[in-house]
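Just below is one structure, and these are the notes that go with it.
Residue numbers (this note's numbering), protein chains in the order written: chain A, 1 to 201; chain B, 1001 to 1241.
Now the structure itself:
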């Protein structure tokens, strides 16, 4: 049999309990870099509604996962990603990417950003505003990808092609952040009842 | 005319399953439902980009980037290789981040209470950007094995954690490098969570005598492969039309 010349992807491994040393050394207890990456998602010039997102990641027993690291990827308020393949330009300093870790005692994490705009979906559809989240931690063997949608975008959510792909309607609710005052609350359940939907993208 | 299209679906048979019960922490941290597979959109085929303004030139040298009073203690090594995609094309200008324990297996982390001492001259993290050929290099000390509370007598093989971005968020990968010949590799529940022996072998950096610096540092070679991308003759419909 002729072997095709593809290389196999490198296998994933857990980020382990000390992921902060590499990706958030300040949280590990030491300063080493001139600046840590991922602290500022939208930048000072970002247009649109400035929002705060807070949440907790819970394991299968309902206990907070305090050693999780979350990465955030989102478009700007006009639905443009800071990437050459996205149509349009982003504001100077808008990165759309960030890194978030919880408080080691409470497990609560949060980040400040702007609410993303709608982005193009496949085949002429439109995706409701959403933020892609990627979670790694001890005990997680391959990073978990999910999406955060907003509860005050009900109309757009109802038409969102990805949410509608989830045939279990009740599970769609696990991807909707709830507005509470100035904060969107988004808890992620890794396992069990109300398990958050995770994607293979 | 061809356009870059979607990324190849991930071959899940080479990745560890979410639930690997011998790695005990995975038992409560693994989803019970299957992941929902998506056709990619602009959200997935884009990802953050980094430049030389983001990092400092010495960030890749763990022998010096936290040195206070002298050099760190341990076996001086060079870890180098290329970041490629499944089509064997180099992934240029991508951020590679590493973190590791010191030569005694102790991490500089406030949560690590292992009795092996901290090295005052070793931080244990580094980062770099690949060059136009996808090449990267770090200088460091070889990390020591360390015990962990899984089964009572589990020891992690010497390893360096790697984080790589690629060009799209769907390529995002965190993994671990192991060292050729380490007898702890086949005993480790985290390593053995990988179902494919070839995939484990590819996580094992090979001694690279040609890249050693005589009388200075031993070298290990570690190539990383990220998901590849289709070229398509058809209209790229990811964004509609």
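We put the beta carbon where it would ideally sit given N, CA and C, even for glycine.
In this model, residue 1192 (chain B) and residue 1152 (chain B) are separated by some 17 Å (Cα to Cα).
In this structure, residue 1084 (chain B) places its C-beta atom within 7 Å of the C-beta atom of residue 1134 (chain B). For residue 1132 (chain B), same chain residues with a beta-carbon under 8 Å away, outside a window of 5 residues either side, are 1090, 1092 and 1093 in chain order. For residue 1142 (chain B), the closest Cβ of chain A is not nearer than 7 Å. Within its own chain, the residues whose Cβ lies closer than 8 Å to the Cβ of residue 49 (chain A), once the five positions on either side in sequence are excluded, are 77, 114 and 115, listed in chain order. Residue 39 (chain A) and residue 88 (chain A) have their C-alpha atoms roughly 24 Å apart.
Relative to residue 1120 (chain B), the option among B:1075, B:1220 and B:1065 whose CA is nearest is B:1065. Contact annotation for residue 1188 (chain B) against chain A: no contact, minimum CB-CB distance about 10 Å [criterion: below 8 Å]. For residue 23 (chain A), the chain B residues whose C-beta falls within less than 7 Å of its own C-beta are 1097 and 1163, listed in chain order. Residue 59 (chain A) is positioned such that its CB atom lies no closer than 7 Å to that of residue 51 (chain A). For residue 1166 (chain B), the number of other beta carbons within 10 angstroms of its own is at least 16, and it is reported as buried. Below the 8 Å Cβ cutoff, chain B contributes 1009, 1010, 1012, 1035, 1036, 1037 and 1038 as neighbours of residue 200 (chain A), in chain order.
Where residue 155 (chain A) is concerned, the enclosing alpha helix (DSSP H) starts and stops at 154 to 158. In the three-state scheme derived from DSSP, where H, G and I count as helix and E and B as strand, residue 170 (chain A) is classed as helix. Sequence-distant Cβ neighbours of residue 100 (chain A) in its own chain, meaning closer than 6 Å and more than five residues away, are 70, 109 and 111.
Cβ neighbours of residue 1050 (chain B) within its own chain (closer than 6 Å, five residues either side excluded): 1095. Interface flag for residue 134 (chain A) against chain B is set, since a Cβ pair is found closer than 7 Å.
A check of alpha carbon separations from residue 1008 (chain B) across B:1035, B:1104 and B:1086 identifies B:1086 as the nearest. A:194 is the residue among A:200, A:194, A:199 and A:147 whose C-alpha sits nearest the C-alpha of residue 61 (chain A).
As the crow flies, the alpha-carbon of residue 43 (chain A) is around 16 Å from that of residue 79 (chain A). The C-beta of residue 1068 (chain B) comes no closer than 7 Å to any C-beta of chain A.
Between residue 1088 (chain B) and residue 1105 (chain B), the gap from beta carbon to beta carbon reaches 7 Å or more. Annotated three-state conformation of residue 1120 (chain B) is coil, per DSSP.
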